[in-house]
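Let me begin by presenting the structure, written as structure tokens, before commenting on it.
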Amino acid sequence: MSNSDLKSRALGVLRRFYGYNSFYPLQFEAIQCVMQGNDAVVLMPTGGGKSLCFQIPALLSDGCAIIISPLLALMKDQVDALQGMGIPAASVNSAQSDTFNREVIEQVYAGRIKLLYISPERLLSEIEQWSEKIKVSLFAIDEAHCISQWGHDFRPEYTQLATLRQRFPSVPIMALTATADRLTRDDISQQLGIPNARLFMTSFDRPNIRLNVVSNVSSSDKMQMITHFLKAHHTESGIIYCMRRNDTEKMASRLRGQGFNAAAFHAGMSTIEKEQVQTAFLNDDIPIICATVAFGMGINKSNVRWVIHSNMPKSIECYYQEIGRAGRDGMPAEALMFYSFGDVVTLKSLAKDSGQEAINMNKLKRMQQYAESNVCRRRTLLSYFNEHIDHDCGNCDVCLNPPERFDATILCQMALSAIVRTNQREGVTAIIDILRGSGKTDILSKGYDKLRTYGIGRDLSFASWNAYLLQMLQLGIIDVAYDDYNHLHVTQYGWEILKSNKHVMLSKFSYTKPAPPAKGSRQKEISLDNMPKADNELFELLKETRLAIARAQHMPPYIVFSDRVLDVIARSLPTSREEFAALYGIGEKKTEMYWRPFTATVKQFLEKHPQ
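Under the working numbering, the letters of the sequence shown match residues 0 to 610, in that order.
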């Protein structure tokens, strides 16, 4: 088949099943690669269209594509979505009965299934029993960072997948992930035995996600800011990531006490409890999930509109993966991260005990640099993945509220003096208490109220001192002795500042709420000609229509249509089957299933609001 014929057929499948008229960058090139029998590593951001890179070849090839996926929820989600578009897909997994799994395999034998989803463990245990009866067109390994010992979600079972190349030397292998630095990418190819695989890597930029970081606020202020944020996003779904299991329970409880519909999710819950919470979230029954990082990889929910990190993540890979769960449909989304001195102390302690201290300390340092960035956060984030843009994004807190810098030499000398006068035997909280002249018992009992530095910084708030000490740590003026009760120590650079008045510039701390959601940005993120702006009232009515259909069909609303497709409907105002079928993201089967209820909603709106 010539390249032109392949592209023509691929575009036909794309329009028929998915309702799209063109591919994203590098999608067709990846499709072409495996259709020619070659291996590929596909690195695209969440929502960047990775799945199409193996789904289209599966539909264009004889036989069945085997999709190796790490989580049951992810398998079910993708299978439901594919079946909803009229694509013959199925999965074999432990959540289904043996009888049902056997029926699926019989369907595969008969050539009636084009994509089979399976876990790596099950594939390796059963493939010898039925491999000779199945014509495998492609192996696609999703969430491929799990195969790497350097990946942020290491899963030992994935390492055994190298046997696929040995057993099926002529079947192309495609590894896909949204998050992998150079070290992890190279390790994926090596572990899978596909050293000559072509790399398809698109931009990591997710311009639709607004990036916000709030530093050094008290627990009560953080809670107040979170509730303020949630009230501004009261009709939307989102995830709040917490560092500890107990924190997720406390957060969910506090939010419920303030009238929010929230639930906790963590690895300590039973399988049934976790499945119930996850299903309720997918179905929009519970819009807010307070979770540890155990939640999210299996979530393909396209209408997650925001992600909050209650604490700083341990690496940029983790952060990028987690914020990527918002705005998968390309519509505007928010990422809000809280960051404190305590987070740094805790995460460095965990990194030290991780068994890969040097690597994890370096990853944490880069995460910390992002959190403390005084330049465009998106540029800082993308630079980690060796991607550089020559302009500020205009959609992060630094761009929208540039920090003010000031000469902080005297301020630093105050802090350094307090550290020295305690013989470098106190942590950050005690040092701030001394500077602010606290009357706490432990401060007075140690005689710190007699120090010359006692109370000299009382004009600054605790949060301000916390922020400035954090910047001093980042600049190398002070250090934390993690092996000595987290006491603060003065570095050589710090001694120079203290003794010789060496000037120090810091960013002025200001307690500000995150920038509000971008207004009118919905149209900006969808380059579909110059169509009129969606009417918010109609958009909400379409969401109600979608929810009613989803309830009747017992499926998550986003499986019916994404928010992005609803936005297109709200802007295009289709009133006939033909107009509906021509819209972005609506394939043949969904046209037949849904054109009547959605055009009816549009008609009712137009009767109420004549154009």
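Cβ coordinates follow ideal geometry from the N, Cα and C atoms, glycine included.
None of these values were measured; they are calculated from a predicted model.
- Residues of the same chain with a CB within less than 7 angstroms of the CB of G456, apart from the 5 flanking positions on each side, are M413, L434, R435, W464 in chain order.
- The beta strand (DSSP E) runs lying completely inside the stretch 18-100 and spanning 3 residues or more are 39-42, 63-67, 88-91, given in chain order.
- Taking every protein chain shown into account, the CB of G586 has 16 or more other CB atoms within 10 angstroms, so this residue is buried.
- Contact between S68 and D141 holds: their C-beta atoms lie close to 5 angstroms from each other, under 8 angstroms.
- Bounds of the alpha helix (DSSP H) holding E577 are 576-580.
- When the five nearest sequence neighbours on each side are left out, the beta carbons in the same chain lying within less than 7 angstroms of the beta carbon of E495 are those of K501, in order along the chain.
- Per DSSP, D441 is one residue of the alpha helix (DSSP H) stretching across 440-444.
- DSSP places T379 in the helix class (H, G or I) of the three-state scheme.
- Under the 8 angstroms Cβ criterion, the stretch 270-280 does not count as touching the stretch 317-328, having fewer than three qualifying pairs.
- The secondary-structure analysis by DSSP pairs V213 across a beta bridge with F337.
- Annotation for F597: the continuous alpha helix (DSSP H) segment containing it runs 587-607.
- Taking a C-beta distance under 8 angstroms as the contact criterion, A549 and Y467 do not qualify as a contact pair.
- Taking the C-beta atoms as reference points, Y583 is found nearer than 8 angstroms to V564.
- With a 10 Å radius around the Cβ and a threshold of 16 neighbouring Cβ atoms, I477 comes out buried.
- Partner residues in a beta bridge of H502, as assigned by DSSP, do not exist.
- For the pair R101 and T345, the Cα-to-Cα distance works out to about 48 angstroms.
- By the C-beta criterion, the stretch 13-28 is judged to be in contact with the stretch 585-599, since at least 3 inter-stretch pairs fall below 8 angstroms.
- Ranked by Cα distance from G46, the first of L115, Q320, L281, D246 is Q320.
- Where A174 is concerned, the enclosing beta strand (DSSP E) starts and stops at 172-176.
- Below 8 angstroms, too few C-beta pairs join the stretch 164-180 and the stretch 103-112 to call them touching: fewer than three.
- Restricting attention to T421, C398, E403, G48, the CA atom closest to the CA of S202 is found in G48.
- Burial check for F22: the Cβ neighbour count within 10 Å reaches 16 or more, so the residue is buried.
- Counting the other CB atoms within 10 Å of its CB gives Q189 a total below 16, which places it among the exposed residues.
- A residue is called buried when at least 16 other Cβ atoms come within 10 angstroms of its Cβ; G354 does not meet this threshold and is exposed.
- By alpha-carbon distance to R8, the top candidate from M43, I55, R376, W305 is I55.
- The count of Cβ pairs closer than 8 angstroms, one atom from the stretch 228-239 and one from the stretch 300-317, reaches three, so the stretches are in contact.
- DSSP places I117 in the uninterrupted beta strand (DSSP E) bounded by 114-117.
- If you draw a straight line from the Cα of I431 to the Cα of M173, it is about 54 angstroms long.
- Here D38 is actually not in contact with S136; their C-beta atoms are around 14 angstroms apart, not less than 8 angstroms.
- Under the 8 angstroms Cβ criterion, the stretch 121-133 counts as touching the stretch 154-168, having at least three qualifying pairs.
- DSSP places L487 within a strand segment (E or B) once states are collapsed to three.
- Residue state for S188 is assigned as helix, using DSSP reduced to three classes.
- Taking the CA atoms as reference points, Q603 sits about 16 angstroms from F579.
- Between the C-alpha atoms of T379 and F597 there is a straight-line separation of about 42 angstroms.
- Contact between M311 and A370 holds: their C-beta atoms lie close to 6 angstroms from each other, under 8 angstroms.
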